[in-house]
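So the mapping is simple: our numbering equals the position in the sequence shown, first residue as 1, plus 266.
To keep things clear, I will list the structure first and then write my remarks on it.
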Amino acid sequence: MYINDINSLDLVVNENKELYRTTTNVNHYVEVLVDFPGNSGLFTYRVPSQLEIKPGDVLSVPFGSQMLGAIAIRLLAEPNIDLAPEKIREVEDVVTSGFFASAYWELLNRVAAYYYTPLIQVIRVALPPGLLGRSQRRVRLVKKQKDQLPITFLSPSAQQILQLLQSQPSGDYSFAYLQQKVKATYRGVRELLRIGLVESYLEPPRTTRPKLQKAVILIDTIDRDLTNRQREILEVLRRRGGELWHSELLQICSTSSSTLKTMEQKGYIAIEEREVLRTEQGQVLDLDTPKSLNIAQGNALATIQQLDGFAQVLLHGVTGSGKTEVYLQAIAPLLAQGKSALVLVPEIGLTPQLTDRFRARFGNNKISVYHSALSDGERYDTWRQMLTGTPQIVIGTRSAVFAPLPNLGLIILDEEHDSSFKQDSPIPTYNARTVAQWRAELEHCPLVLGSATPSLESWVSVRREAGGRGQEAGGRGQEEHQNFSATHYSPLPERINSRPLPPVEIVDMRQELQQGNRSIFSRSLQEALQHLQQTGQQGILFIHRRGHSTFVSCRSCGYVVECPHCDVSLAYHQTEAGAPQLLRCHYCNYVSVHPKNCPECASPYLKFFGSGTQRVAQELSRQFPDLTYIRFDSDTTRNKGAHRTLLTRFANGEANLLVGTQMLTKGLDLPQVTLVGVVAADGLLNLSDYRASERAFQTLTQVAGRAGRGDDPGRVIMQTYTPEHPVIEAVRFHDYQSFVEAELEQRQVLNYPPYGRLILLRLSSFDPIQVQNTAQAIATVLSANPGFELLGPAPASVMRVANRYRWQILLKFAPEALPQLPDWDEVRLLCADGVNLTIDVDPLNIM
Ligand SMILES: Nc1ncnc2c1ncn2[C@@H]1O[C@H](COP(=O)(O)OP(=O)(O)OP(=O)(O)O)[C@@H](O)[C@H]1O
Ligand SMILES: [Zn+2]
Ligand SMILES: [Zn+2]
């Protein structure tokens, strides 16, 4: 991975002996990181004596025939022995000193060390892609000097450069341009830098041209010759402030371009190309004001605000208890103090509501949204704008934990229990919650972890640190906090306005079947749906899986249709009656047409099992033809903005039901939802993972929590084949605490997290034999180490994915004393050719 051998490069040795007279600095060499397509790695350069270089500085270095931007990683007294000293080139200059603030730099190093990942890979996660490789070094006049001309004592080249810069209104040129115009540019620029007349900086690559997109603008609302449909469209446009993207309007109104064209011709609207500001902008919202907090919220806010420096607050608030309002009010005074805040959420597309609330409170220009689904251009723009240091709020998914905000005043992790904060691949396999803890520590700011169902890790750490105060969680009287403790527990035990949590009714589907009900809806759920239709209220149907059903099998011979590239069965997909029947692999996206007959025995009884979103939707249409629904799953939300559109349509009352998967469990706050139906809870319960119960409890509690958030009381109907399962019991009584205590006991017995720690070695290869042998060889070597318990090697539960065979080895050890862990470089040497090894530290998905 590390490229130290630069012999292959065509080097021009540029040795200037005179520069080495001062020897105060013992580090004559520096390892730098260049990020250049196809040639990323660490390279050693010589440090000219007049330059002072610190790790984290941005340098310019000669590379081949080019000058590139590079980051100083490490200072060395001696170069690596395998490098011939005369082949080592010299750093040309420091472009930006302290580009990475020291706390930030330390954060990156900690992540690299903890997750056994080369620093370059961590930097890649942190920086927008290709930042250095395509960046340009520029020189500009320092502002206050612009009009003065103290040039008499300068060298001729410095004078020339100064004149060039002053001849230009912005006083700013690229280094490359100056080099063409002036001899001895380096020396001249250095001289000007030293006396502070100019500064040099690295300009991130400009994207070639601004992004244009069609917008629709409302011109005239006086109805002259509108059809009903056109009037509706105008009304939508008017309500949204008179301006929408063309694509957005088409989606919201389910209309066609030709309709809009007609309206344009009639003079009601204009359609024009607009530049898209590539920082993601929401629409303009009415500004909203802080709500007056209830007592529990007030206590939580006080706890956060009295913190000085690093501390963690576990904000344990039941669903609908107003956690977001606490976040908003905790952030508000920070902005006034010139500080910024970082808000991490599990998945941004799924929570447009959350970003909207922040925008409505603080205004669009204070908020940026940062996540990996942004285009490269969007990421640059947002990233650059963060560096400016203007007080702001960044809302983002896990990678935003690296957002380069100077002056951080607070970090918030919403839904802190969510496993999407963890990256399984590629490396670093970091957990944003862990990284956020380090970051808060290094930046001396508080970290707020919010959840209705805190992770066992956070729960245990609160109990441990706060000396048992957490024991009474969910109860009252938690207010007297010990300010000196680094961990605080803030419960919000009640919903806003003391609304009750919705009662949860458990339906035993075995009995339904016994009593002759073959529908996927129990009688109870059927009645509730009927009621919904009569009253015009709204509800949510939750299904564990997307697609039509889990698998297709032959009733005659038992044959199951499987993916040819993965060891999983294909899922049946049909969007609507009459549409082609497809089989799709949810691991690699392979698609085939549903065969009419069994490929094994030619029997025509090839049928699907289970019930995905499509199946439920079809069943709804059949049994409740007048009930309208919107499907919300990864099939219907592929397009950008689709989440928002579908949720907006539902919020506007366009349908009785929202039918969907996990996606709709997160943060949805719709007061008019009174019914939540869980079609089958079992799919969640029976997963072969030590965290399956925890995850199931969290998901089901979140889903249930969507009901009854407004003035009308809510209810939850949960269908299952295992009503006696402890998770079901706990969800039924909204009993976080007993669930957690029982679960913790089991974890402790088996030494699983949060009591033990895990490292998972994932191995994969196209060659099934090679990967198995490698796994065996590594396990044999590791088993000689007494510091940890070794589980495996074992094939992954889906052994083959996209034709790669996967094996894994699990290491389990006590968290207090990190055992003598193996030298991973040596372990890597055991890998056969073509076998890929990923070290997953604190893995969350072991399947
Ligand atoms: N003090 C308050 N007074 C009145 N309304 C409030 C107050 N605090 C919050 N609300 C409202 O209560 C609703 C629920 O709050 P919010 O969505 O923040 O809860 P939450 O705890 O984040 O819920 P969940 O975890 O279920 O997503 C929101 O509509 C919010 O505007
Ligand atoms: Zn068959
Ligand atoms: Zn597949």
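Where is the CB? At the ideal position from N, CA and C, for every residue including glycine.
- Spanning the alpha carbons of Lys688 and Leu342 requires a straight line of approximately 34 angstroms.
- Taking each of Arg390, Phe366, Arg776 and Leu516 in turn and checking the Cα distance to Thr988, the smallest one comes out for Arg776.
- The residue among Ser1031, Gly1100 and Val1047 with its C-alpha nearest the C-alpha of Ala1068 is Ser1031.
- Cβ contact annotation for Ala973 (same chain, cutoff 7 angstroms, sequence separation greater than five): Pro768, Val939, Thr940, Leu941, Val942, Gly980, Arg981 and Val982, in chain order.
- If you compare the alpha carbons of Ile762, Arg1028, Glu1055 and Trp704 with that of Tyr380, the shortest gap goes to Trp704.
- Gln1012 has its CB no nearer than 7 angstroms to any heavy atom of ligand 1.
- Spatial neighbours of Ile485 in its own chain (CB-CB distance under 7 angstroms, excluding positions within 5 residues in sequence) are listed in chain order as Gly533, Tyr534, Ile535 and Ala536.
- Here Ile461 is exposed, its C-beta having fewer than 16 other C-beta atoms within 10 Å.
- With a cutoff of 8 angstroms on beta-carbon distance, Ile762 and Gly643 are scored as not near each other.
- Rounded to the nearest whole angstrom, the C-alpha separation of Asp348 and Tyr370 is 32 angstroms.
- The C-beta distance from Pro712 to Ile570 rounds to 6 angstroms, short enough to fall under 8 angstroms.
- If you look at His839, you'll find it in the beta strand (DSSP E) that goes Ala837 to His839.
- A distance below 7 angstroms between beta-carbons, with the five flanking residues on each side excluded, links Tyr871 to the following residues of its chain, in chain order: Cys820, Arg821 and Ser822.
- DSSP places Asp1091 inside the alpha helix (DSSP H), whose first and last residues are Trp1090 to Leu1095.
- Non-local beta-carbon contacts of Gln446 in its own chain, meaning distances under 8 angstroms to residues more than five positions away in sequence, are absent.
- Between the segment 625 to 632 and the segment 372 to 386 there are fewer than three C-beta pairs closer than 8 angstroms, too few to call the two in contact.
- With a minimum length of 4 residues, the unbroken runs of alpha helix (DSSP H) contained wholly in the segment 547 to 576 fall at 561 to 571.
- Ranked by Cα distance from Gln603, the options Gly675, Val611 and Ala639 are led by Gly675.
- Close CB contacts of Asp554 within its chain, under the 7 angstroms cut and outside five residues either way in sequence, are with Ala626 and Arg627 (chain order).
- Taking the C-beta atoms as reference points, Val945 is found no nearer than 8 angstroms to Ile772.
- Annotation: Ala958 to Asp1091 spans about 33 angstroms, alpha carbon to alpha carbon.
- For Ser513, the shortest C-beta to heavy atom distance toward ligand 1 is 7 angstroms or greater.
- Out of Ala338, Gly322, Tyr838 and Trp725, the CA that lies nearest to the CA of Arg312 is found in Ala338.
- For Pro599, the enclosing alpha helix (DSSP H) begins and ends at Lys589 to Ala602.
- Its Cα nearest to that of Val728, the residue Ala577 stands out among Leu510, Val826 and Ala577.
- In this structure, the CA atom of Thr493 is about 54 angstroms from the CA atom of Ser436.
- For Gln792, the Cβ stays outside the 7 angstroms cut-off from all heavy atoms of ligand 1.
- Under the three-pair Cβ rule at 8 angstroms, the segment 999 to 1009 does not count as touching the segment 1021 to 1037.
- Excluding its 5 nearest sequence neighbours in each direction, Arg495 has C-beta neighbours in its own chain below 8 angstroms: Thr521 and Thr525, listed in chain order.
- Considering only Pro321, Leu407 and Val361, the residue with the shortest C-alpha distance to Ser368 is Pro321.
- Assignment of beta-bridge partners to Asn1102 by DSSP yields Ser1030.
- Between the segment 421 to 429 and the segment 449 to 459 there are three or more inter-stretch CB-CB distances shorter than 8 angstroms, so the stretches are counted as touching.
- Distance from the Cα of Tyr1002 is smallest, within the candidate group Ala669, Pro314 and Leu966, for Leu966.
- A distance criterion of 7 angstroms places the beta-carbon of Asn560 in contact range of ligand 1, judged by its closest non-hydrogen atom.
- In its chain, beyond the 5 residues on either side, Tyr895, Arg897 and Val925 have a beta carbon closer than 8 angstroms to the beta carbon of Ala883.
- Between ligand 1 and the CB of Gln595, the shortest heavy atom gap is not smaller than 7 angstroms.
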